[in-house]
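Just below is one structure, and these are the notes that go with it.
Number of protein chains: 2
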Amino acid sequence: MSIDQQWDQLTERFAEIDDLGHTVALLGWDQQTYMPAGGAAARGEQMATLERIIHQRFTDPAIGQLLDDLAADAAALPDDSHRASVWRVVRRRYDRTTKLPEELVAEMARTSARSFDTWVKARAANDFAMFEDDLTRQVELARQQADHFGYEATPYDALLAGYEPNLTSADVDRLFNPLRDRLVPLLDSLRPALDRVNDDALRGDLPHDAQIALTEDVVALVGFDLATGRQDLAAHPFTTSIGQGDTRVTTAVDPGNLAPALYASIHEAGHGTHDQGIPDELRRTALGQVESLIIAESQSRLWENLVGRSRLFADDLLPRLGKYFPGKFDSVDADALYAAGSCVEPGYIRVQADEVTYSLHIFLRYEIERELIEGSLAVADLPERWWEGMKSLLGVEPTTDADGVLQDVHWSTGAIGYFPTYALGTLLSVQLYEAALADDAAIQPALEAADFVPLLAWMQQHVHRHGAAWSAAELVERELGAELSAGPFLDYLEHKYHALYKL
Amino acid sequence: MSIDQQWDQLTERFAEIDDLGHTVALLGWDQQTYMPAGGAAARGEQMATLERIIHQRFTDPAIGQLLDDLAADAAALPDDSHRASVWRVVRRRYDRTTKLPEELVAEMARTSARSFDTWVKARAANDFAMFEDDLTRQVELARQQADHFGYEATPYDALLAGYEPNLTSADVDRLFNPLRDRLVPLLDSLRPALDRVNDDALRGDLPHDAQIALTEDVVALVGFDLATGRQDLAAHPFTTSIGQGDTRVTTAVDPGNLAPALYASIHEAGHGTHDQGIPDELRRTALGQVESLIIAESQSRLWENLVGRSRLFADDLLPRLGKYFPGKFDSVDADALYAAGSCVEPGYIRVQADEVTYSLHIFLRYEIERELIEGSLAVADLPERWWEGMKSLLGVEPTTDADGVLQDVHWSTGAIGYFPTYALGTLLSVQLYEAALADDAAIQPALEAADFVPLLAWMQQHVHRHGAAWSAAELVERELGAELSAGPFLDYLEHKYHALYKL
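These protein sequence lines are chains A and B, in that order.
For the record, in the first sequence the residue sitting at position 104 is 104 according to our numbering, with numbers rising by one throughout.
For the record, in the second sequence the residue sitting at position 495 is 998 according to our numbering, with numbers rising by one throughout.
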């Protein structure tokens, strides 16, 4: 076989794997949006079967052989050529994936489907005990995975690398330590002033359907294309790619408060524009789906926080509120709207957390995940450990399990090692946003005119275009000539919040 | 390997094939309900990949070997034992499926996805020419399939058998000829009296959301369980099984007319109760999904026509109309409602056709399909042939392609040979309904009290319980000791319509 034929073989195999992966994405999307309750067990079997087939195809020794045969050709190509990037990404994924036995992969899928269902019920019943067995099983399976993957410092590193290529807890600590060192004092300095700002402007009797209409308008405004995507409802909002031309975002509505739907929608639209920005020529290749969750989160946070919670955006939002909620926002001005979207309130719920306290929620999960995986914390002790952490990091008192350890979907689906990418992506969002504004002078005036095209175009050019080719660390080095860093985020935060709270 | 181990192997293989089949069902459901327009091409690739994998697994020579090895054991068991039924059904499907080359199966899936998309656009644009190339390709692919399957009298027989085990055009003619012989005179006798009955009672300004609420109430009333199923909107209503505990029905709303949504919902709920009635122990086996489309249609028609369009049901419906459409049905009584749901109007659209003219729409499609497949009709000549047939069978004049040859989804998805099962299922529905009432004296009084449980229970016991074990002909023989026949349907129809139209 010629080299070109071998590349074609690899391409063909990944087109099929991509189809199967997107099919699993649809099974998952449906599970969280429209599936009737009775379908949970069958869905678990279906996802397990598909995951097993993907695993079989992905770990086919023929792929290892192709990688070996094409190694010299790939090494002779520039790093950023398509083939060199495909080779690099497939090599990493193949080496990782072939370490897991097929039966473990199927068991993970089955457990996740069952455990997700249990979590939904446990959260509704506000009863951690209902979830304890399934979570214990998830932790066991995560440890088994780590053992198969192998690790140097801690088994947790083996899990982290599943969400961000090559990420280790040493990397996380290098960024989280300075973050904590300035965030905690920032929050302390805000505490006496918390009553200067509130979110009343976003609260009221705000009908479900009008919130949906508003958020569909807003996601389209920031550039999410509804001809190649859609927005639905989900208990825990998420974004998923179903393939080229089909990106699904989700939101959740609180009829007494616009904030959850509004910021979930802009956040998910950020992910959505990322998926929609993947070039057509990368589709159905190994580079066609975002792999770095830090890069992924940089896009959602950029649109949610740096755009959506900016003072400028309040000007764009205000007339829309008048349109979708006639009369209800007549006494609100853009300053009040901005303040409401940015006000700080140490609370229980991560996804409702403000920009200042958000990372503190992540620190807690990061600590707990390490303790669970390293064996120093038992699942049964989790609720107590949770409230100790919440008290020490955020200063809040214990409340219900539903608002505590049961609030997040992740662990129920076996996603342990995922949370740190949220805070790290937030750091990257500020680095990218500042680079974009420094690089293209047209972006700032466009933002002032509610035109988000130039900012989105910069992200497409410098981030989306690469697909899965680079890790976050590689992207930052190549595109910004920098390292991933907490400094720009902290500078932005201190500047914004000192002004808003008149410190 | 022991005999039991071989049975276990067969079971395991079919559990996996069942998972993959239900996954394809979800891809298809989503395509027709929520998928954004941009996703059509990717969905085509995904469906083709899944169909190819199912085909590979299904035609694995290991299944042929298991069938051979288990033949003696199966033959020694009673026909209606689980293993004997599995063996019989798998043998038939294996022998049929192994005749198709894998590449043809993938090409069929790809063509269907593209062609469905083209059909949607062509229908919207009311332009048959847009659809001509894709339909021509579908006819070519259908002919290729027929050649691979083999046939005696006509290639069309090879296609028919894909929708009803062993059905031939000789069987169809045996039933359609007497049907036509009494239906055409019945319609002729009604023609001078058509203005005695109209459907005004079901028309008005009837908001979309209220129609959805009403139809969800009605599908639940007739026994469709919304905890293990759901109803959504689709341009062309259908029902699909996504696996145990997950049955999806769909409906379509005309805000000026309640009839389309109401009868589509009851029709699909009939299919839905059928799927929900499959016993748990048949799930993920070769018997777990309805295979006979005649039996399938007997259930939808039974609930739609014999229940939904009955005079008794008008009593159940009337208070619900008052609830969901306050004030709008105040001047309507149950007699007028019954008449509106049963009035005869020779028209263009099959899915809106009344009980008398419905089969005439099927006759036309049956004739055209045979002509296309046997080569006596070119796709380009279809619109003209359509209107000739409509004129001669129904006496209606030509109108648009959208209301003519483009109205049905079937051919766009490659489903040629499917239509006859609609009319044949309608015949069976009357045979089953009458058998149920004769067999269980509790059914009639229950129907009079709007209690549909005894009728549904009879269907569960005599129809649903068997899963895919029997063809329609076999079921009728085993459960009714009869042959499939047009007589009971014609008797029912003449009796009902002579009374309604005071002939």
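Idealized CB from N, CA, C, for every residue including glycine.
Model, not experiment: these values are computed from the prediction.
Report yes if the C-beta distance between residue i and residue j is below 7 Å; otherwise report no.
{"i": "Leu705 of chain B", "j": "Ala762 of chain B", "result": "yes"}
{"i": "Ala952 of chain B", "j": "Ile946 of chain B", "result": "no"}
{"i": "Val307 of chain A", "j": "Ala269 of chain A", "result": "no"}
{"i": "Ala161 of chain A", "j": "Leu167 of chain A", "result": "yes"}
{"i": "Ala518 of chain B", "j": "Glu794 of chain B", "result": "no"}
{"i": "Pro346 of chain A", "j": "Val409 of chain A", "result": "no"}
{"i": "Ile781 of chain B", "j": "His525 of chain B", "result": "no"}
{"i": "Leu10 of chain A", "j": "Leu100 of chain A", "result": "no"}
{"i": "Leu50 of chain A", "j": "Val24 of chain A", "result": "yes"}
{"i": "Lys826 of chain B", "j": "Gly707 of chain B", "result": "no"}
{"i": "Asp904 of chain B", "j": "Pro886 of chain B", "result": "yes"}
{"i": "Phe631 of chain B", "j": "Trp622 of chain B", "result": "no"}
Mind checking if residue i is an interface residue toward chain B, Cβ cutoff 7 Å exclusive?
{"i": "Arg110 of chain A", "result": "no"}
{"i": "Arg230 of chain A", "result": "yes"}
{"i": "Gln9 of chain A", "result": "no"}
{"i": "Gly243 of chain A", "result": "yes"}
{"i": "Gln46 of chain A", "result": "yes"}
{"i": "Ala227 of chain A", "result": "yes"}
Might you give, ordered along the chain, the residues of its own chain that have their beta carbon closer than 7 Å to the beta carbon of residue i, omitting 5 neighbours on each side?
{"i": "Asp117 of chain A", "result": "Ala40"}
{"i": "Asp728 of chain B", "result": "Gln779"}
{"i": "Glu667 of chain B", "result": "Ser795, Leu796, Ile797, Thr924, Ser974, Ala975"}
{"i": "Asp735 of chain B", "result": "Thr536, Arg751, Thr753"}
{"i": "Ala74 of chain A", "result": "Arg83, Ala84, Trp87"}
{"i": "Ala989 of chain B", "result": "Leu678, Pro681, Leu682, Leu930"}
Name the two residues that bound the continuous alpha helix (DSSP H) containing residue i.
{"i": "Gln460 of chain A", "result": "453 to 462"}
{"i": "Ser672 of chain B", "result": "672 to 693"}
{"i": "Gly272 of chain A", "result": "259 to 276"}
{"i": "Ser513 of chain A", "result": "Residue 513 of chain A is absent from the structure shown; chain A starts at 1 and stops at 503."}
{"i": "Ala380 of chain A", "result": "Premise fails: Ala380 of chain A is in no alpha helix (DSSP H) and is neither H nor E."}
{"i": "Met611 of chain B", "result": "605 to 628"}
{"i": "Gln451 of chain B", "result": "Since the first residue shown for chain B is 504 and the last is 1006, residue 451 of chain B is missing from the structure and cannot be characterised."}
{"i": "His969 of chain B", "result": "Element bounds for His969 of chain B: n/a, residue is neither H nor E."}
{"i": "Ala551 of chain B", "result": "543 to 561"}
{"i": "Trp510 of chain B", "result": "506 to 536"}
{"i": "Ile519 of chain A", "result": "With chain A covering only 1 through 503, there is no way to say anything about residue 519 of chain A."}
{"i": "Thr902 of chain B", "result": "No alpha helix (DSSP H) contains Thr902 of chain B, which DSSP labels as neither H nor E."}
{"i": "His998 of chain B", "result": "990 to 1003"}
Can you confirm whether residue i, when its beta carbon is compared against all beta carbons of chain A, has any partner nearer than 7 Å?
{"i": "Gly531 of chain B", "result": "no"}
{"i": "Asp582 of chain B", "result": "no"}
{"i": "Pro668 of chain B", "result": "no"}
{"i": "Gly542 of chain B", "result": "yes"}
{"i": "Thr552 of chain B", "result": "yes"}
{"i": "Glu519 of chain B", "result": "yes"}
{"i": "Thr562 of chain B", "result": "no"}
{"i": "Pro539 of chain B", "result": "yes"}
{"i": "Thr526 of chain B", "result": "yes"}
{"i": "Asp749 of chain B", "result": "yes"}
{"i": "Gln779 of chain B", "result": "no"}
{"i": "Ala545 of chain B", "result": "yes"}
Between residue i and residue j, which are expected to be in contact by the criterion C-beta below 8 Å, what is the C-beta distance as a whole number of angstroms?
{"i": "Ala261 of chain A", "j": "Thr247 of chain A", "result": "The pair is not a contact, with the Cβ atoms about 19 Å apart (cut-off 8 Å)."}
{"i": "Val859 of chain B", "j": "Leu993 of chain B", "result": "About 10 Å; that fails the 8 Å criterion."}
{"i": "Ser862 of chain B", "j": "Ala941 of chain B", "result": "About 24 Å separates the two Cβ atoms, so there is no contact after all."}
{"i": "Ala616 of chain B", "j": "Arg546 of chain B", "result": "6 Å"}
{"i": "Arg196 of chain A", "j": "Lys502 of chain A", "result": "7 Å"}
Leaving out five residues on either side along the sequence, give the residues of the same chain with a beta carbon under 6 Å from the beta carbon of residue i.
{"i": "Ala350 of chain A", "result": "One detail in the question is off: residue 350 of chain A reads as Arg in this sequence, not Ala. The answer, listed in chain order, is His361."}
{"i": "Ala551 of chain B", "result": "Ala609, Ala612, Arg613"}
Where do the ends of the beta strand (DSSP E) carrying residue i lie?
{"i": "Glu249 of chain A", "result": "In the sequence on display, residue 249 of chain A carries Val and not Glu. Segment 247 to 251, the beta strand (DSSP E) holding Val249 of chain A."}
{"i": "Arg733 of chain B", "result": "732 to 736"}
{"i": "Thr742 of chain B", "result": "742 to 744"}
Below 8 Å CB to CB, which residues in the same chain sit around residue i once its five sequence neighbours on both sides are set aside?
{"i": "Trp806 of chain B", "result": "Val725, Ile769, His770, Ala772, Gly773, Thr776"}
{"i": "Glu605 of chain B", "result": "Arg555, His558, Gln559, Thr562"}
{"i": "Gln855 of chain B", "result": "Ala762, Pro763"}
{"i": "Asp817 of chain B", "result": "Per the sequence shown, the amino acid found at residue 817 of chain B is Ala instead of Asp. The answer, listed in chain order, is Ala837, Asp838, Leu840, Tyr841, Gly844."}
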